[in-house]
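Comments concern the structure below.
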Amino acid sequence: MGVPEPELTPNVQRALLTLMGEVDQLRQDTERLRTRVRELESLADHDAMLPVLNRRAFVREVSRALALAERHNAPSALVFFDLNGFKAINDDHGHA
Numbered sequence: 000m001g002v003p004e005p006e007l008t009p010n011v012q013r014a015l016l017t018l019m020g021e022v023d024q025l026r027q028d029t030e031r032l033r034t035r036v037r038e039l040e041s042l043a044d045h046d047a048m049l050p051v052l053n054r055r056a057f058v059r060e061v062s063r064a065l066a067l068a069e070r071h072n073a074p075s076a077l078v079f080f081d082l083n084g085f086k087a088i089n090d091d092h093g094h095a
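Quick note, the sequence shown lines up with residues 0 to 95 if you use numbering that gives the first Met the number 0.
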């Protein structure tokens, strides 16, 4: 003989349904906010004119790569290109 399962009163059933709806709404809101944060992080990390990382993101990624190489005692290198006259292109085309 098992323990009888308690019956939920109508008020408790309504409260549970309300809570379940609120939890689902919070889940949807959280997912929308996560998506928006990813979009804003992408905007903050990319150059306004070119499909490349901006200085902020570049420095962060170089730091991560160097830390990873150091942690694994791996060799690393950085190649730097200096584009002559690029400032004039940015100035002419409204660099942000």
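Note that beta-carbon positions come from the ideal geometry of N, C-alpha and C, so glycine has one too. The structure presented is a predicted model; accordingly, all values stated were derived computationally and were not measured.
Q. Any idea what DSSP makes of leucine 52, helix, strand or coil?
A. strand
Q: Could you please give the first and the last residue of the uninterrupted alpha helix (DSSP H) stretch that includes proline 9?
A: 9-44
Q) My guess is that arginine 55 and aspartate 44 are in contact by the Cβ rule of under 8 angstroms, so how many angstroms apart are they, rounded? A) Confirmed, about 7 angstroms.
Q. Just to confirm, does alanine 56 get its C-beta within under 7 angstroms of one of the non-hydrogen atoms of the ligand FAD?
A. No copy of the ligand FAD occurs in the structure displayed, which carries no ligand at all.
Q. Taking the alpha helix (DSSP H) that aspartate 90 falls in, what are its first and last residues?
A. Counting along the chain, the unbroken alpha helix (DSSP H) around aspartate 90 starts and ends at 85-91.
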